[in-house]
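*Asks:* In this note's numbering, the protein residues as written are 254 to 442.
Ideal Cβ placement from N, Cα and C applies to all residues, glycine included.
Pasting in a structure now, in structure tokens, and then I'll have a few things to ask.
Now the structure itself:
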């Protein structure tokens with residue numbers, strides 16, 4: 254099927270082509286964007302649904318959808334990648350603007366990333382769980398949980414994790430950096 258045929262079928266809301274193209278053929282493309290960028294979506298399928306709606310719903314100003322404006326100057330797959338990444342950038346920018354408006358100059362996030370104190374009381378429990386779940390390293394996640402959520406001392410945390418204090422301090426610094434990265438990805442920093 255050519256790109257023209259696929260676009261025509263998508264615009265006519267052909268369910269088979271939509272499922273085969275968006276949810277099967279382009280799944281790896283959307284999964285890469287979902288993993289790379291911030292979204293509010295719970296999983297990749299929800300992200301694909303959002304991109305589909307973004308492409309198919311008419312723009313209020315021009316009354317044309319993005320899919321209708323596809324001009325076939327590149328491959329459809331390449332264009333979808335650009336659209337998905339642009340969508341994620343716009344979403345991140347909007348989230349950042351909202352967060353920035355709600356923060357004041359005395360907020361805890363104005364410090365340097367390496368010295369950010371992690372305050373459990375400043376986060377809602379669900380937000381904290383979500384940010385911890387975003388940390389890829391399970392040991393770092395456990396270290397942050399023990400040290401800041403359960404309020405163990407450095408020595409107690411090191412003992413619970415079976416680490417020497419020298420190793421603990423190195424891992425603690427790396428865990429805080431990973432936590433800060435997760436906060437940034439979530440748009441909280």
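Residues in its own chain within less than 7 Å of residue 325 by CB, not counting five upstream and five downstream?
*Replies:* Hits under 7 Å: 256 and 257.
*Asks:* Hey, would you say the C-beta of residue 262 is under 6 Å away from at least one heavy atom of the ligand SAM?
*Replies:* Within the structure as shown, the ligand SAM is missing, as the structure has no ligands at all.
*Asks:* Beta-carbon within less than 7 Å of residue 435's beta-carbon, same chain only, minus the 5 sequence neighbours each way: which residues are those?
*Replies:* Contacts found: 384, 387 and 388.
*Asks:* Would you report the Cα separation of residue 437 and residue 281, rounded to the nearest angstrom?
*Replies:* In a straight line, the C-alpha of residue 437 is about 24 Å away from that of residue 281.
*Asks:* Looking at C-alpha atoms only, which residue of 330, 328, 336 and 268 is the closest neighbour of residue 318?
*Replies:* The shortest C-alpha separation from residue 318 is found at 336.
*Asks:* To which residues of the same chain is residue 301 closer than 7 Å at the C-beta, ignoring the five residues directly before and after it?
*Replies:* Correct list, in chain order: 275, 276 and 283.
*Asks:* For the alpha helix (DSSP H) containing residue 434, name the first residue and the last one.
*Replies:* Start and end: 418 to 439.
*Asks:* If you drop the 5 nearest sequence neighbours on each side, which residues of the same chain put their C-beta closer than 8 Å to that of residue 233?
*Replies:* In the structure displayed, the chain extends from 254 to 442; residue 233 sits before or after that span and is not available.
*Asks:* Between the Cα of residue 261 and the Cα atoms of 416, 321, 425 and 430, which residue gives the shortest distance?
*Replies:* The shortest Cα separation from residue 261 among 416, 321, 425 and 430 belongs to 321.
*Asks:* Taking C-alpha atoms, which residue in 259, 295, 294 and 293 lies nearest to residue 279?
*Replies:* Closest by alpha carbon: 259.
*Asks:* Checking 7 Å against the spacing of the C-beta atoms, do residue 411 and residue 421 come in under that value?
*Replies:* A contact, by the Cβ cut-off of 7 Å.
*Asks:* Following the continuous alpha helix (DSSP H) through residue 257, name the residue where it begins and the one where it ends.
*Replies:* Note, residue 257: alpha helix (DSSP H), 256 to 264.
*Asks:* Is residue 321 helix, strand or coil by DSSP?
*Replies:* Coil.
*Asks:* If you follow the alpha helix (DSSP H) that residue 393 is in, where does it begin and where does it stop?
*Replies:* Here the alpha helix (DSSP H) through residue 393 covers 391 to 397.
*Asks:* Measuring alpha carbon to alpha carbon, tell me which residue in 285, 340 and 305 is nearest residue 268.
*Replies:* When only C-alpha atoms are compared, the closest one is 305.
*Asks:* Mark residue 392 as exposed unless 16 or more other C-beta atoms lie within 10 angstroms of its C-beta, in which case mark it buried.
*Replies:* Label assigned to residue 392: exposed.
*Asks:* Pull up the CB-CB distance for residue 270 and residue 263, whole angstroms please, since I reckon it's below 8 Å.
*Replies:* Between residue 263 and residue 270 the Cβ distance is about 6 Å, and since that is below 8 Å, they are a contact.
*Asks:* Note down the Cα distance separating residue 299 from residue 418, rounded to an integer number of angstroms.
*Replies:* Computed Cα separation, rounded: 43 Å.
*Asks:* Please go through the same chain and pick out, in chain order, the residues whose beta-carbon is closer than 8 Å to the beta-carbon of residue 363, but skip the five residues on each side of it.
*Replies:* Model confidence at residue 363 stands at a pLDDT of 40, short of 50, so the residue's coordinates are unreliable; what they give is reported in the following sentence. The answer is none, since no qualifying residue turns up.
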